[in-house]
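Asker: My structure is below; once you've seen it, I'll send some questions.
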Amino acid sequence: LLQFDIAIKEYNTALLEKKYVTAAQQLEKARSNLKTLESRKGFELKILKALGTELTVQTQNMLYHLGEEWQKLAVWKLPPSKDSSSLESVVHSELHLRTVPLKEEDIAGPPVAAVLQAFAVLGELHTKLKIFGQLLLKYILKPLILYPSLQPFTEEQSDVFILRFKSEKPSLDHSSPIEVFDKIKLIFEVLHKYLLNVPLEQPAEDKKECRVTLAELLGDMVWEDLSDCLIQNCLVNSIPTNSSKLEQYIEVIKSTEEFEKALKDMQFLKGDTTELLKYARNVNSHFANKKCQDVIVAARNLMTSEIHNTVKITPDSSVALPKLSEPRAGHHLKTQKTSHLVRNDVVNLENETKLSQYTFSLPTCRISSSVEKLMELAYQTLLEATTSTDQCSIQLFYSVRNIFQLFYDVVPTYHKENLQKLPQLAAIHHNNCMYIAHHLLTLGHQFRYHLSNILCDGAATFVDLVPGFRRLGMECFLAQMRVQKGEILERLSSARNFSNMDDEENYRAANKAIRQVLHQLKRLGKVWQDVLPVNVYCKAMGTLLNTALSEIVTRIAALEDISAEDADRLYSLCRTMVEEGPQVFTPLPEDDKNKKYQEEVPVYVQKWMTFKELMIILQANLQEIVDQWADGKGPLAAEFSAAEVKSLIRALFQNTERRAAALAKIK
Numbered sequence: 001l002l003q004f005d006i007a008i009k010e011y012n013t014a015l016l017e018k019k020y021v022t023a024a025q026q027l028e029k030a031r032s033n034l035k036t037l038e039s040r041k042g043f044e045l046k047i048l049k050a051l052g053t054e055l056t057v058q059t060q061n062m063l064y065h066l067g068e069e070w071q072k073l074a075v076w077k078l079p080p081s082k083d084s085s086s087l088e089s090v091v092h093s094e095l096h097l098r099t100v101p102l103k104e105e106d107i108a109g110p111p112v113a114a115v116l117q118a119f120a121v122l123g124e125l126h127t128k129l130k131i132f133g134q135l136l137l138k139y140i141l142k143p144l145i146l147y148p149s150l151q152p153f154t155e156e157q158s159d160v161f162i163l164r165f166k167s168e169k170p171s172l173d174h175s176s177p178i179e180v181f182d183k184i185k186l187i188f189e190v191l192h193k194y195l196l197n198v199p200l201e202q203p204a205e206d207k208k209e210c211r212v213t214l215a216e217l218l219g220d221m222v223w224e225d226l227s228d229c230l231i232q233n234c235l236v237n238s239i240p241t242n243s244s245k246l247e248q249y250i251e252v253i254k255s256t257e258e259f260e261k262a263l264k265d266m267q268f269l270k271g272d273t274t275e276l277l278k279y280a281r282n283v284n285s286h287f288a289n290k291k292c293q294d295v296i297v298a299a300r301n302l303m304t305s306e307i308h309n310t311v312k313i314t315p316d317s318s319v320a321l322p323k324l325s326e327p328r329a330g331h332h333l334k335t336q337k338t339s340h341l342v343r344n345d346v347v348n349l350e351n352e353t354k355l356s357q358y359t360f361s362l363p364t365c366r367i368s369s370s371v372e373k374l375m376e377l378a379y380q381t382l383l384e385a386t387t388s389t390d391q392c393s394i395q396l397f398y399s400v401r402n403i404f405q406l407f408y409d410v411v412p413t414y415h416k417e418n419l420q421k422l423p424q425l426a427a428i429h430h431n432n433c434m435y436i437a438h439h440l441l442t443l444g445h446q447f448r449y450h451l452s453n454i455l456c457d458g459a460a461t462f463v464d465l466v467p468g469f470r471r472l473g474m475e476c477f478l479a480q481m482r483v484q485k486g487e488i489l490e491r492l493s494s495a496r497n498f499s500n501m502d503d504e505e506n507y508r509a510a511n512k513a514i515r516q517v518l519h520q521l522k523r524l525g526k527v528w529q530d531v532l533p534v535n536v537y538c539k540a541m542g543t544l545l546n547t548a549l550s551e552i553v554t555r556i557a558a559l560e561d562i563s564a565e566d567a568d569r570l571y572s573l574c575r576t577m578v579e580e581g582p583q584v585f586t587p588l589p590e591d592d593k594n595k596k597y598q599e600e601v602p603v604y605v606q607k608w609m610t611f612k613e614l615m616i617i618l619q620a621n622l623q624e625i626v627d628q629w630a631d632g633k634g635p636l637a638a639e640f641s642a643a644e645v646k647s648l649i650r651a652l653f654q655n656t657e658r659r660a661a662a663l664a665k666i667k
């Protein structure tokens with residue numbers, strides 16, 4: 001009890017003189033005395049309770065005093081704004097570290113070490129440093145990593161050391177790791193010099209935290225967050241995007257090593273290689289990952305851009321194929337051996353007629369400019385793969401495969417609505433898919449002997465993707481054809497079956513339907529002009545015109561009664577189709593070149609001759625029809641069956657003996 005009393009008295013004296021370490025030690029002595037008292041049974045407990053309360057009060061009093069001192073020693077001046085981590089507010093943050101103790105009432109204020117040591121004796125150092133560490137991260141360390149324009153600068157006054165920021169125009173979007181490491185090193189050096197490395201007045205005793213561990217303590221608290229932030233916001237951005245810059249990255253690895261060494265020297269860091277250095281040293285893997293990620297992001301942006309910005313592809317135009325170095329030695333020898341076997345006097349068995357140089361070229365058409373860029377991206381990435389390490393080469397090769405698989409999934413879904421509604425886009429998408437399939441046939445082969453050995457044995461291929469792309473293009477275009485076909489049939493359905501044409505209203509409806517169909521075909525002919533390859537264009541337009549003619553033939557052949565006036569009017573409607581139908585074939589913008597395709601309409605329209613024969617029947621007499629039939633050998637027999645011709649004769653002519661005779665000859 002006496003010892004407890006002495007300790008508390010000495011504590012009070014020391015506290016008044018601001019000898020905080022002594023005061024803290026006396027408090028701890030009093031605490032251990034109290035523990036000893038409590039451990040002995042049989043004592044009066046009331047006094048112990050009072051002593052315990054007194055001790056708690058004095059401890060809190062001491063902590064309050066220490067807190068006050070600590071606030072004077074390390075002063076944060078922070079802006080009042082809510083968004084405390086924005087660049088504007090960070091520029092106004094300051095940290096003041098007092099270097100010379102304040103003089104109050106002739107008693108010199110305690111040095112920093114005394115305050116920190118007293119905290120340590122009372123076991124409160126950890127909490128204080130934790131709060132300090134969090135402020136340090138939030139207002140100083142992280143902003144220095146995030147904002148390349150921030151520069152720390154220091155100002156030393158007689159009794160205080162000030163750490164401030166100034167904002168300068170950054171040269172790059174992301175600051176280089178070397179600059180960031182230098183800035184952060186400066187901050188730690190300041191802290192080490194003025195806050196955490198003050199010479200101790202008192203010799204260290206058993207339980208005291210000595211100055212070494214102050215830096216370590218703070219280091220433990222901030223290092224994990226700091227290294228994460230450095231990796232995510234600094235090292236990630238510094239990883240090169242092409243392999244030629246990889247060698248220069250050694251500087252970054254060196255500066256990372258130096259940065260860690262400096263922190264270890266100041267004892268902020270302990271132990272071996274940290275995550276930060278591991279990350280920097282593992283640059284090859286990160287480079288490959290970053291490159292692949294960049295490639296896929298670029299590809300996806302191209303896929304989600306507009307389809308209708310097009311470029312013209314002709315058999316002469318090819319993607320500028322990159323120049324590849326000689327294949328690897330082993331493969332080269334094989335080809336040389338075989339060429340030596342060919343003797344000079346061998347008879348030339350080559351065929352006289354040669355294939356055109358354009359036989360295997362893609363026909364002239366329009367494709368999206370984004371798809372041309374996508375193909376260039378694929379070639380560039382594979383070219384980069386040829387100069388990369390094996391691991392990186394494989395990753396890049398599969399990234400290129402992923403580009404095409406992504407196209408297969410993204411484009412039809414992302415542009416779904418437009419591909420269904422707009423016939424021109426459907427045609428461009430069809431061309432895009434055919435263009436990609438065309439390149440995929442040879443893409444793997446071109447790079448085969450230049451990639452990693454693992455890929456040389458046949459894995460480097462894209463041929464397996466070709467059928468999928470062709471199918472993708474065809475399905476989209478055929479779906480559009482079905483839509484157009486449906487519209488043609490719907491318009492013809494308003495023609496009232498082409499019956500009773502002598503009724504003015506019926507004739508007007510039929511005439512309107514035919515006009516609408518021709519208008520629709522002309523519009524399609526225009527939007528597909530110069531977009532689709534000529535042969536695909538002619539097939540598509542031919543199929544749609546054929547749908548219209550076939551429907552008209554079926555409707556007229558099904559009529560049971562056609563008067564002479566009906567026949568004349570039907571003939572004039574059919575003549576409109578025959579005269580204007582071929583004019584919808586305009587595959588090329590130059591009109592004079594389209595004549596050839598308009599004359600070839602019977603080649604593309606299956607029912608053209610059938611339609612012509614129907615027109616002859618509508619205008620012919622019985623004898624002419626019988627002559628056209630010519631015992632089943634004439635042109636009429638080639639287009640219509642006997643039953644159809646008989647049906648038409650019954651509809652067109654009245655029941656007479658001549659009609660019966662004519663019908664008898666049709667068999």
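Here the sequence shown is numbered in full-length UniProt numbering, starting from 1 and rising by one per residue. Ideal Cβ placement from N, Cα and C applies to all residues, glycine included. It should be emphasised that the depicted structure is a prediction, and the values quoted were computed from it without experimental measurement.
Identify the continuous alpha helix (DSSP H) that holds L235 and give its terminal residues.
Answerer: Looking at the DSSP string, L235 is not in any alpha helix (DSSP H), and its letter there is neither H nor E.
Asker: Is S361 near I428, with beta carbons less than 7 angstroms apart?
Answerer: Not closer than 7 angstroms, so no.
Asker: Taking 8 angstroms as the threshold, find out whether the segment 365 to 385 comes into contact with the segment 528 to 538 through three or more Cβ pairs.
Answerer: yes
Asker: Roughly how far, in whole angstroms, is the beta-carbon of K526 from the beta-carbon of L396, given that I think they are within contact range, below 8 angstroms?
Answerer: Cβ atoms of K526 and L396 stay farther apart than 8 angstroms, at about 43 angstroms.
Asker: Please say whether V584 and L521 have beta carbons closer to each other than 7 angstroms?
Answerer: Result yes, Cβ atoms of L521 and V584 sit closer than 7 angstroms.
Asker: Which stretch, first to last residue, makes up the alpha helix (DSSP H) that contains F469?
Answerer: 466 to 492
Asker: Per DSSP, residue 704 forms a beta bridge with which residues?
Answerer: An answer regarding residue 704 cannot be provided, because it is not within the stretch 1 to 667 covered by the chain.
Asker: In whole angstroms, what separates the C-alpha of R40 from that of V121?
Answerer: Those two C-alpha atoms are separated by around 26 angstroms.
Asker: Tell whether a beta-carbon distance below 7 angstroms holds between P148 and V252.
Answerer: no
Asker: Just list the alpha helix (DSSP H) runs in the segment 266 to 304, keeping only unbroken ones of 4 residues or longer that don't cross its boundaries, in chain order.
Answerer: 275 to 281, 283 to 303
Asker: Here's the rule: buried if 16 or more other CB atoms are within 10 angstroms of the residue's CB, otherwise exposed. What is G473?
Answerer: buried
Asker: Using only the alpha-carbon positions, how far apart do L135 and W76 sit?
Answerer: For L135 and W76, the distance between alpha carbons rounds to 9 angstroms.
Asker: Pick helix, strand or coil for Q412, following the three-state DSSP scheme.
Answerer: First, the residue type needs correcting, since residue 412 is Pro and not Gln in the sequence shown. Three-state result, P412: helix.
Asker: Label I436 either buried or exposed according to how many other C-beta atoms from any shown protein chain fall within 10 Å of its C-beta, with 16 as the threshold for buried.
Answerer: buried
Asker: Assign A479 to buried or exposed, taking buried as 16 or more other Cβ atoms, counted over all protein chains shown, within 10 Å of its Cβ.
Answerer: The residue in question, A479, is exposed, as its Cβ has fewer than 16 Cβ neighbours within 10 Å.
Asker: With respect to the alpha helix (DSSP H) encompassing K9, which residues constitute its N-terminal and C-terminal limits?
Answerer: DSSP places K9 in the uninterrupted alpha helix (DSSP H) bounded by 2 to 16.
Asker: Report the rounded CA-to-CA distance for V371 versus V603, giving the unit in angstroms.
Answerer: 33 angstroms
Asker: Since T547 is in the alpha helix (DSSP H), which residue starts that stretch and which ends it?
Answerer: 534 to 557
Asker: Give me the residue from V531, K607, L588, K261 with the minimum Cα distance to N431.
Answerer: V531
Asker: Taking DSSP as the reference, what is the three-state secondary structure of Q368?
Answerer: Before going further, note that residue 368 is Ser rather than Gln in the sequence given. Residue state, collapsed to three classes: strand.
Asker: Taking the alpha-carbon positions, what's the V190 to L214 distance?
Answerer: Whole-angstrom Cα-Cα distance: 14 angstroms.
Asker: What ranges does the alpha helix (DSSP H) occupy inside the segment 372 to 443, keeping only unbroken runs of at least 4 residues that lie completely in it?
Answerer: 390 to 414, 416 to 421
Asker: DSSP has E189 in a bridge; who is on the other side?
Answerer: E189 pairs with nothing; no bridge assigned.
Asker: Closer than 6 angstroms by C-beta to T461: which residues in its own chain qualify, once you throw out the five before and the five after it? Chain order, please.
Answerer: G444
Asker: Look at A288 and T256 and say whether their C-beta atoms are less than 7 angstroms apart.
Answerer: no
Asker: May I ask you to verify whether the segment 559 to 579 touches the segment 500 to 515, counting CB pairs closer than 8 angstroms and requiring at least 3?
Answerer: With a cut-off of 8 angstroms, the segment 500 to 515 and the segment 559 to 579 count as touching, because enough Cβ pairs lie within range.
Asker: Take the Cβ of V553 as the centre, count every other Cβ of all protein chains shown within 10 Å, and call the residue buried at 16 or more, exposed below.
Answerer: buried
Asker: Can the beta-carbon of I394 be found less than 7 angstroms from the beta-carbon of S452?
Answerer: yes
Asker: Nearest-angstrom Cα distance between V410 and P315?
Answerer: About 28 angstroms.
Asker: Would Y249 and A114 qualify as a contact pair, given that the criterion is a beta-carbon distance under 7 angstroms?
Answerer: At a Cβ-Cβ threshold of 7 angstroms, Y249 and A114 do not count as neighbours.
Asker: How is E590 classed by DSSP in three states: helix, strand or coil?
Answerer: coil
Asker: Let me check understanding here. Comparing Cα to Cα, which of F447, N655, L150 lies closest to Q380?
Answerer: When only C-alpha atoms are compared, the closest one is F447.
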